[in-house]
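So the structure is just underneath, and the comments pick up after that.
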Amino acid sequence: MANHSQLGFQDASSPIMEELVEFHDHALMVALAICSLVLYLLTLMLMEKLSSNTVDAQEVELIWTILPAIVLVLLALPSLQILYMMDEIDEPDLTLKAIGHQWYWTYEYTDFKDLSFDSYMTPTTDLPLGHFRLLEVDHRIVIPMESPIRVIITADDVLHSWAVPALGVKTDAIPGRLNQTSFITTRPGVFYGQCSEICGANHSYMPIVVESTPLKHFEAWSSLLSS
Amino acid sequence: MAEDIRTKLEHYKTAPFDSRFPNQNQTRNCWQNYLDFHRCEKAMAAKGADATPCQWYYRVYKSICPTSWVLRGVLQVPFGSLLLSLWCPHVLEVLRDVPKVSLR
Chain H
1 MANHSQLGFQ
11 DASSPIMEEL
21 VEFHDHALMV
31 ALAICSLVLY
41 LLTLMLMEKL
51 SSNTVDAQEV
61 ELIWTILPAI
71 VLVLLALPSL
81 QILYMMDEID
91 EPDLTLKAIG
101 HQWYWTYEYT
111 DFKDLSFDSY
121 MTPTTDLPLG
131 HFRLLEVDHR
141 IVIPMESPIR
151 VIITADDVLH
161 SWAVPALGVK
171 TDAIPGRLNQ
181 TSFITTRPGV
191 FYGQCSEICG
201 ANHSYMPIVV
211 ESTPLKHFEA
221 WSSLLSS
Chain S
1 MAEDIRTKLE
11 HYKTAPFDSR
21 FPNQNQTRNC
31 WQNYLDFHRC
41 EKAMAAKGAD
51 ATPCQWYYRV
61 YKSICPTSWV
71 LRGVLQVPFG
81 SLLLSLWCPH
91 VLEVLRDVPK
101 VSLR
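One line per chain: the protein sequences are H and S, in this order.
Okay, so the first sequence: first residue is 1 according to the UniProt record's numbering, each after it adds one.
Okay, so the second sequence: first residue is 1 according to the UniProt record's numbering, each after it adds one.
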C-alpha cells in the first residue's frame, strides 16, 4: 500500500510493473534533461547573453529538429516494448472474476467448483490495531504466487474500476461487458488497491486486497472456502 | 478425437487463450461458449451420441461468464440483445415469444 505522503510508485510486485517503473524513471530523466536545458537557455536569454546577428539559421534548425526526433525515439522504443509485452499471450493458470457493485466487489473462482464471495471494506470502527484504514476488507482475494492469473472484470450496476497499483493493473468494470486483464505476482504478499471509477457515495470505500501465497496455501484456502 | 477431448477435460485448468477473441473484451467469448455448449448438447441428444465433448464448452463458459448472468438466463439471447436482457429482463420474456431460427 502507499505510505503517508508517498510520491513514488509502490514496490513493483509483477514483471510488468517492474518494467513500468523503469520506463517511468527513464522518461522522467529525459523530462528533467529537457527542462534543465530550457531553464538554462531561458536564463541566458534573460541575461541577454543569447543574441545573434545572423539570419541564416540552417545548421541550428537542423540540430533542433534532429535532437527532438532522437529524444522521441528514445521514449517511443521502450514504451512500445512494454505495450507489446503487456499483450503477450501467457496461458493463465486461473481465472478470477471480479464484479463491481455499489459498494463492494464480488469475486468468483469457477474453474472447478463454484466459489464466490463478497468483499466489503472493514469499517474503521471494526479495524484491528495496526491494520490499514479504508484499505482492509473482510474477504481477500487469494491467488497462487508466480502463476499467470486472468481476471475478468465487470460490474452489476454502474461503472467501477479494478486497480492494484503494486501489480500494475487497472481495468474498468463496465456493466454488460467482460474486460480481461492478467498479471503474475513475483512474490508472496498482500497488495492493496481501490476502486478507480467514480461510482456513487461510497466510491472511496470499496477497496481491493490481493493476497499472493504459495500454491499449497492457495489450495488449502480454496478447499476451506468450498467446504 | 474423443480421447483427446477427455484428456483435455482431465487436464483442464482454466479457459485457454482463444485466438477468436484476442482482445480485452471477452463478452463474446462467454456468450459464444455458452451458445456452443447448448447447441452441442442439443445436437448430441438428437444423434443419440455421447455428450462428453460438450463439457469443454461448459467448462470454458463457467470459467469466464459471471454466475449471475448464467443463473438469470441473460445469455439465452442473440448477442446483440445481451445488454437489453441484462438491463431490461422483462423484455426478455417478450423476445422469447418471438419465433427464432432453430438452433441447428
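From the three backbone atoms N, C-alpha and C, an ideal C-beta is built for every residue, glycine too.
Spatially closest choice to residue i from the options, by CA coordinates
i, options, result
"H/Asp111", "S/Arg6, S/Tyr58, S/His38", "S/Tyr58"
"S/Ile64", "H/Pro92, H/Val209, H/His101", "H/Pro92"
"H/Thr181", "H/Asp172, H/Arg187, H/Pro188", "H/Asp172"
"H/Val151", "H/His24, H/Asn179, H/Val60", "H/Asn179"
"H/Asp157", "H/Gly176, H/Leu37, H/Glu219", "H/Gly176"
"S/Lys62", "H/Leu37, H/Leu20, H/Glu108, H/Met121", "H/Glu108"
"H/Ile208", "H/Tyr192, H/Glu19, H/Ala33, H/Thr106", "H/Tyr192"
"H/Arg133", "H/Lys49, H/His139, H/Met121", "H/Met121"
"S/Tyr12", "H/Thr185, H/Leu42, H/Thr95, H/Gln58", "H/Thr95"
"S/Glu41", "S/Cys54, S/Asn29, S/Gln32, S/Asn33", "S/Cys54"
"S/Lys8", "S/Trp56, S/Arg28, S/Val94", "S/Trp56"
"H/Asp126", "H/Val137, H/Phe117, H/Ser119", "H/Val137"
"H/Ser147", "H/Gly168, H/Gln81, H/Phe218", "H/Phe218"
"H/Pro123", "H/Ala31, H/His131, H/His24", "H/His131"
"H/His101", "H/Ser226, H/Pro128, H/Ile174", "H/Ile174"
Cross-strand partners of residue i (DSSP beta bridge)
i, result
"H/Asp118", "H/Thr106"
"H/Glu211", "H/Val142, H/Val190"
"H/His4", "Beta-bridge pairing links H/His4 to no other residue."
"H/Thr171", "H/Trp162"
"H/Leu94", "H/Ile149"
"H/Gln180", "H/Ile152"
"H/Ile99", "H/Thr106, H/Thr154"
"S/Val60", "Looking at the DSSP assignment, S/Val60 forms no beta bridge with any residue, so it has no partner."
"H/Val137", "H/Met121"
Beta-carbon separation (whole angstroms), residue i vs residue j, contact threshold 8 Å
i, j, result
"H/Trp103", "H/Asn202", "4 Å"
"H/Ser212", "H/Met145", "4 Å"
"H/Leu135", "H/Met1", "6 Å"
"S/Ile5", "S/Thr67", "Contact flag wrong, Cβ pair sits at about 25 Å."
"H/Cys195", "H/His160", "5 Å"
"H/Ser13", "H/Thr154", "With a Cβ gap of about 24 Å, H/Ser13 and H/Thr154 do not count as contacting."
"S/Asn25", "S/Asp18", "At roughly 12 Å, the Cβ-Cβ gap does not stay under 8 Å, so S/Asn25 and S/Asp18 are not in contact."
Residue span of the alpha helix (DSSP H) that contains residue i, given as start and end
i, result
"S/Glu41", "27-47"
"H/Leu224", "215-226"
"H/Gln81", "58-86"
"H/Phe23", "15-46"
"S/Thr14", "No alpha helix (DSSP H) holds S/Thr14; DSSP gives it neither H nor E."
"H/Ser51", "It is not in any alpha helix (DSSP H) - H/Ser51 carries neither H nor E in the DSSP assignment."
Interface partners of residue i on chain S, CB under 8 Å
i, result
"H/Glu108", "Pro66, Thr67"
Delimiting residues of the beta strand (DSSP E) encompassing residue i
i, result
"H/Phe191", "189-194"
"H/Phe9", "Unbroken run through H/Phe9: none, as it is neither H nor E."
Cross-chain neighbours of residue i in chain S, by beta carbon under 9 Å
i, result
"H/Lys216", "Chain S residues near H/Lys216: none, gap ~16 Å exceeds 9 Å."
"H/Asp111", "Tyr12, Lys13, Thr14, Ala15, Arg59, Lys62, Ser63"
"H/Leu83", "Correct list: empty, because the minimum Cβ distance to chain S is about 13 Å."
Within chain S, partners of residue i - CB distance below 7 Å
i, result
"H/Lys97", "Pro66"
"H/Asp114", "Thr67"
"H/Ile152", "Gln26, Ile64"
Per-residue contacts from residue i into chain H (C-beta, under 7 Å)
i, result
"S/Leu82", "Gly176"
"S/Phe17", "Ile89, Glu91"
Neighbour list for residue i in chain H, Cβ cutoff strictly below 8 Å
i, result
"S/Asn25", "Arg177, Leu178, Asn179, Gln180"
"S/Leu9", "Here the premise fails: no neighbours, minimum Cβ distance about 12 Å."
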